[in-house]
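Since the structure comes first, as structure tokens, the remarks are kept for the end.
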Amino acid sequence: MSNTKIPLVVIIGMPAAGKTRVGREVAHLMNLPFCDTDDMIEREINMPITQYFEQFGQESFRDIEARIVRNVILENQTDSGIISLGGGAPVRKETQEVLKEYVNLGGRVVYLQTSADDAIERAGWSNNRPMLIGQDAKKRWMELFEQRDPIFRAVSNIHMPTKGSNPYMAAEKLRSMIMQRIVHVTGEA
């Protein structure tokens, strides 16, 4: 590891859980830098992630994502206080190992828990989440949730339900938890 300084918080969760919105808001509230790994990936590949997936496949994308996640979290190449990961990032074994090492170093991995209905509603606000649009959106989200929820729980040390919270309320709750230095591992989405 090139630098022992680690980010304050890493946020994970399902697609459209609010990771980026809550991350940006809590970073603003705490006057900290914010980094979204999906944004970093898009800058590196010079195209939208959905287009990269179509052209080069998921495995190639996950290779790039795992490298960027390691660089940002353990080597802190962005000097970020709050980091948001893509919804599928923790599925990769390499990323799980990075997150576990980060927690062992004293880091906080926050699992933003949301419901399928809330995620689908949020996804309707933009067109960049084709998985969450259409008649079978809830079914597809639930299938992904069944696969990913156990992984998210295993690699996180803070589980934060967001049901009924807007991004500002969720960010304020997370800020309060950080300021109190309390780690909560409770709750259901």
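In the numbering used here, the protein residues as written are 56 to 244.
Note that the Cβ used here is the ideal one computed from N, Cα and C, for glycine as well.
Every value quoted in this text rests on a predicted model; they were computed, and no experiment measured them.
query	result
Neighbour-count burial assignment, G161, 16 or more Cβ in a 10 Å radius	exposed
Top-ranked residue by Cα proximity to A71, from E99, I206, R208 and K193	K193
Alpha carbon of M232 to alpha carbon of L167, nearest angstrom	13 Å
Alpha carbon of E227 to alpha carbon of V77, nearest angstrom	9 Å
Length of the line joining the Cα atoms of K155 and K148	11 Å
Residues sharing a beta bridge with S139, DSSP	I66 and D91
N-terminal and C-terminal residue of the beta strand (DSSP E) that I128 is part of	Element bounds for I128: not the beta strand (DSSP E) but the alpha helix (DSSP H), Q113 to I128.
Neighbourhood of T92 by C-beta, 8 Å cutoff - its chain only, sequence neighbours within 5 removed	E120, I123, V124, V127, I138, S139, L140, G141 and A144
Local conformation of I213 per DSSP, three classes	strand
Exposure label - E109; buried when at least 16 CB within 10 Å	exposed
Alpha carbon of Q113 to alpha carbon of V146, nearest angstrom	12 Å
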